[in-house]
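> Numbering (the working numbering), first residue to last: 39 to 185.
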């Protein structure tokens, strides 16, 4: 179901038939953008590019959201044929949710993370470029292993 806000570009949620170009996907490697609500930065979205080898060899994007208090959402992925997140970001927004409550659980020597999502929210996205983006990546303490 598509989300709508007056004046925002809209993505209808239908599956994509076109794979983004390699240049488009490569542009998401170590990319960072400010998440905006009513002209205020309320967090950041960061991404890296990985390669999927099964069931076929293709590019695969991982994203994470970082909130102003430094907490991070669990990473999420995007890949074809739909490329839903890429299509939203190319349209200038991210349909996501407000800050989650993340729980770490342990059982029989294994541990995993689970999250209770905040309310649904559509954020505007302003991409950071060059030195500003590199500096913000470091300030937020992001590492490729975080994805």
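We put the CB at the ideal spot given by N, CA and C, even for glycine.
Hey, quick one: how far does the alpha helix (DSSP H) through residue 132 stretch, first residue to last?
It is not in any alpha helix (DSSP H) - residue 132 instead sits in the beta strand (DSSP E) that spans 131-135.
> Can you name, in chain order, every residue of its own chain whose Cβ lies under 6 Å from the Cβ of residue 157, other than the five neighbours on each side?
Same-chain partners within the cutoff: 136.
> Among the residues of its own chain, which have a CB less than 6 Å from the CB of residue 175, if the five just before and after it don't count?
70.
> Name the two residues that bound the continuous beta strand (DSSP E) containing residue 139.
139-145 is the extent of the beta strand (DSSP E) around residue 139.
> In whole angstroms, give me the CA-to-CA distance for residue 169 and residue 116.
Going by the C-alpha atoms only, they are around 26 Å apart.
> Considering Cα atoms alone, identify which of 130, 163, 155 is closest to residue 141.
Ranking 130, 163, 155 by Cα distance to residue 141 puts 155 first.
> Of the residues 65, 58, 63, 83, which one's Cα is nearest the Cα of residue 160?
The candidate whose alpha carbon is nearest that of residue 160 is 83.
> Helix, strand or coil, according to DSSP, for residue 64 in the structure here?
Residue 64 falls in the helix class under three-state DSSP.
> Applying the criterion that 16 or more other CB atoms from any shown protein chain within 10 Å of the CB defines a buried residue, is residue 123 buried or exposed?
So residue 123 ends up on the buried side.
> What would DSSP say about residue 160, mapped onto helix, strand or coil?
In this structure, residue 160 counts as strand in the three-state DSSP scheme.
> Give the straight-line distance between the Cα atoms of residue 182 and residue 68, rounded to the nearest whole angstrom.
Taking the straight line from one Cα to the other gives about 8 Å.
> Could you work out which residue in 77, 114, 153 is closest to residue 100 when comparing CA atoms only?
Of the listed residues, the one whose Cα sits closest to residue 100 is 114.
> Assign residue 66 to buried or exposed, taking buried as 16 or more other Cβ atoms, counted over all protein chains shown, within 10 Å of its Cβ.
Flag for residue 66 reads buried.
> For residue 63, which option in 121, 180, 178, 144 has the closest C-alpha, if you only look at C-alpha atoms?
Cα-wise, what sits closest to residue 63 is 121.
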